[in-house]
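Novice: With this note's numbering as the guide, the letters of the sequence shown map in order to residues 125 to 532. C-beta atoms are modelled at their ideal positions from N, C-alpha and C, and glycine is treated no differently. Quick one: the structure is below, questions incoming.
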Amino acid sequence: MESEFFRIKRLPSYVFAEVNAMKEHARSVGEDVIDLGMGNPDQPTPQHIVDKLVEVARNPRTHRYSMSRGISSLRNALVDYYKRRFNVDLDPEKECIVTLGSKEGFANLASSITSPGDIFLIPNPSYPIHQYSFILAGGSIQYVPILPNDDFLITLKRIVKYSISKPIALVINYPSNPTALIATLDFYEQVVDFCCFHGIYILSDLAYAEIYFDIDPPPSILQIKNARNISIEFTSMSKTYNMPGWRIGFAAGNSTLIKALARIKSYLDYGAFTPIQVAASIALTESQNCVEEIRNLYKNRRDILIDGLAVAGWKIPKPSATMFAWAPIPSSFSHLGSLEFSKLLLSEAKVVVTPGIGFGEHGDGHVRISLVENQHRIRQAIRNIKHFLNSYDIILKNVENRNCKNRD
Ligand SMILES: Cc1ncc(COP(=O)(O)O)c(C=O)c1O
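See the structure below:
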């Protein structure tokens, strides 16, 4: 019997799994582990959204199959959001679709547009689904390295120039997970011009549209004239409204891509549970004070983390968006790489972070720290890390001894 299936073989073992297994083990033996790993919001969904869900769920008529493309009130709420926030006009019928979280939309779009061997341009490091959706769909990946002093556009132009065949699409994600980099309209304009010229679709992931601090709100690529000729943009309720478990997100923009996604989805799902969609639409249309509160919470945690770690001797750039700090591995440990460093941080400081290698080879000099524990826990993490950094010579000596023993 075949047990090595083609698509499963295309998925490498999950780097995050190693750190997760260590975390589970540490907790099972009673250790107090502070988990700043996964970007899983820890706060509850705002009460008025939960109340609406409960109210609508009481109506048995909402228990039937819903609409795969999303109910019209939710698509209209998305249209209002794009108008209010970005001054972008969308057609709710042809340019909007509701997805079961933006990740599902992204993966199903990939499967709807990929022919075997097609080339897709994926930033590296980037959120894993950006590449694995295409790998699963039989596509080929061409990475666009995101390096500290590199100009993304120059790199992109070089890669396209030397590509064996014309790439089908470029993925971009600003504000970025994991790097927290943000984009300007000027940048988007240049990317759109370039991709229009070469006939390359742009898939923009705007999951962190509303999680920003001390800066103007991040723009949408759809604000650029002509963008919708080639671009689709994914947004999500998960981070903006603390709704990660609800699995609700959107795609908006290019009608050909939306149509392709809608067609695949019409074969695969009947849409999110109607009460979830109704609650999501009131989240988008009613008071946005809760979004402000969520932003402030992350900003406060960010300041505590970055300022505290700086005092502890670990200087990390202050992110101006997302719920992550993208932390260069301290120089004394940089030779270890991000996976070994993360394991060491867990075993010695009892703090879980995500190894940058999990986001691609160009992420290996960093770890990602999520702002998903409360400020007391973050302070505790800082104290533990400070102690860890202060005893780095002993820790590294122990690592060396362990490695020697393993070699013998
Ligand atoms: C960049 C990015 N895109 C998409 C997602 C997934 O969002 P959703 O919950 O809407 O599937 C995440 C979640 O962490 C993310 O970081």
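1) Which residue from Val496, Arg425 and Leu280 puts its Cα closest to that of Pro368?
2) For Glu142, which option in Ala473, Phe230, Gln504 and Ser466 has the closest C-alpha, if you only look at C-alpha atoms?
3) Assuming Asn297 and Cys320 form a contact by the criterion Cβ under 8 Å, report the distance between their Cβ atoms to the nearest whole angstrom.
4) Could you round the C-beta distance between Lys218 and Ile382 to whole angstroms and report it? I think they count as a contact, below 8 Å.
5) I'd like to check one pair, Ser192 with Tyr394: are the Cβ atoms closer than 8 Å?
6) Which residues in the same chain as Ile502 place their Cβ atom closer than 7 Å to its Cβ, once the five residues preceding and following it in sequence are excluded?
7) Output the distance between the C-alpha atoms of Cys414 and Pro170, rounded to the nearest integer angstrom.
8) Considering just the uninterrupted stretch of the alpha helix (DSSP H) at Ala436, what are its terminal residues?
9) Quick check on Gly263: does DSSP put it in helix, strand or coil?
10) Could you tell me whether the Cβ atoms of Phe374 and Thr359 are closer together than 8 Å?
11) With the cut-off set at 8 Å, would you say Pro343 and Ala445 are in Cβ contact?
12) Below 8 Å, can you find three or more Cβ-Cβ pairs linking the segment 467 to 482 to the segment 430 to 438?
13) From Gly323, Leu385 and Glu155, pick the residue whose C-alpha is nearest to that of Val222; which is it?
14) May I ask you to verify whether the segment 258 to 277 touches the segment 403 to 418, counting CB pairs closer than 8 Å and requiring at least 3?
15) List the whole-angstrom C-beta distance separating Asp329 from Tyr251, where the pair is believed to meet the contact cut-off of C-beta under 8 Å.
16) How many angstroms separate the CA atom of Asp275 from the CA atom of Pro216?
17) Between Thr303 and Pro249, how many whole angstroms is the CB-CB distance? I'm expecting something under 8 Å.
18) Give me the Cα-Cα distance between Ile246 and Ile265, rounded to the nearest whole angstrom.
19) Could you please give me the residues that DSSP links to Asp159 through a beta bridge?
20) Closer than 7 Å: is that where the CB of Ser257 sits relative to any heavy atom of ligand 1?
21) Could you check whether Met447 and Gly163 sit closer than 8 Å to each other, using their CB atoms as the reference points?
22) If we call anything under 8 Å between Cβ atoms a contact, is Ile324 one with Ala293?
23) Can you check DSSP and say which residues form a bridge with His490?
24) Exposed or buried, what is Val178 when buried is set at 16 or more other beta-carbons lying within 10 Å of its beta-carbon?
25) Check whether the Cβ atoms of Ala150 and Val139 sit closer than 8 Å, and answer yes or no.
26) Would you list, in sequence order, the uninterrupted alpha helix (DSSP H) runs of no fewer than 4 residues that lie entirely inside the segment 315 to 373?
27) Given Gln504, which residues of its chain have a CB within under 7 Å of its CB, disregarding the five upstream and five downstream residues?
28) Which one of Asp166, Val212, Asn527 and Ala451 has the shortest CA to CA distance from Pro272?
29) Glu228 to Leu470, Cα distance in whole Å?
30) Does the distance between the C-beta of Asn297 and the nearest non-hydrogen atom of ligand 1 fall short of 7 Å?
31) At the level of alpha carbons, what is the spacing between Val203 and Trp370?
32) Between which residues of its own chain and Asn200 is the CB-CB distance below 7 Å, once the five residues before and five after are set aside?
33) Just to confirm the assignment: which complete alpha helix (DSSP H) runs, minimum length 4, are found wholly within the segment 188 to 228?
34) What does DSSP give as the partner residues of Ile246 in its beta bridges?
35) Which residues does DSSP pair with Gly395 in a beta bridge?
36) Using CA coordinates, which residue listed in Lys423, Gln347, Arg526 and Ala436 is at the minimum distance from Arg208?
Specialist: Taking the coordinates as given:
1) Comparing Cα positions, the closest option is Val496.
2) Nearest of Ala473, Phe230, Gln504 and Ser466 to Glu142, Cα basis: Ser466.
3) Contact flag wrong, Cβ pair sits at about 20 Å.
4) A Cβ-Cβ separation of about 7 Å places Lys218 in contact with Ile382 under the 8 Å criterion.
5) Against a cut-off of 8 Å, the Cβ pair of Ser192 and Tyr394 comes out as a contact.
6) For Ile502, where only same-chain residues beyond five positions count, the Cβ hits under 7 Å are Arg425, Ile428 and Leu429.
7) A direct Cα-to-Cα measurement between Cys414 and Pro170 gives close to 7 Å.
8) Ala436 -> alpha helix (DSSP H) spans Asn413 to Ala436.
9) In the structure shown, Gly263 sits in coil (DSSP, three-state: anything other than H, G, I, E or B).
10) When the beta-carbon positions are compared, Phe374 and Thr359 come within less than 8 Å of each other.
11) No; because the gap between Cβ atoms is not below 8 Å, this pair is not in contact.
12) Verdict: no, contact absent.
13) Among Gly323, Leu385 and Glu155, the Cα nearest to that of Val222 is on Leu385.
14) Proximity of the segment 258 to 277 to the segment 403 to 418 falls short of the contact definition, fewer than three beta-carbon pairs being nearer than 8 Å.
15) That belief holds up - the Cβ atoms of Asp329 and Tyr251 are roughly 7 Å apart, short of 8 Å.
16) Asp275 and Pro216: Cα-Cα distance of roughly 36 Å.
17) Yes, Thr303 and Pro249 are in contact; Cβ-Cβ is about 7 Å, under 8 Å.
18) For Ile246 and Ile265, the distance between alpha carbons rounds to 7 Å.
19) Within the DSSP bridge table, the entry for Asp159 names Val476 as partners.
20) Placement of the Cβ of Ser257 at a distance of 7 Å or more from every heavy atom of ligand 1 is found.
21) For Gly163 and Met447, yes; Cβs fall inside 8 Å.
22) Closer than 8 Å, so yes.
23) His490 is bridged to Pro452.
24) Its Cβ having fewer than 16 others within 10 Å, Val178 is exposed.
25) No, these two residues do not count as a Cβ contact at 8 Å.
26) Here the runs fully enclosed are 361 to 364.
27) Cβ within range, chain order: Ile158.
28) Out of Asp166, Val212, Asn527 and Ala451, Ala451 has the C-alpha closest to the C-alpha of Pro272.
29) Glu228 and Leu470 have their C-alpha atoms some 31 Å from each other.
30) Indeed, a heavy atom of ligand 1 lies less than 7 Å from the Cβ.
31) Going from the Cα of Val203 to the Cα of Trp370 covers about 20 Å.
32) So the qualifying residues of the chain are Pro216.
33) Entirely contained in the segment 188 to 228, the alpha helix (DSSP H) runs reaching 4 residues are, in chain order, 196 to 210.
34) BP columns for Ile246 point to Tyr267.
35) Among the bridge pairs identified by DSSP, Gly395 is matched with none.
36) Relative to the Cα of Arg208, the nearest Cα in the group Lys423, Gln347, Arg526 and Ala436 belongs to Gln347.
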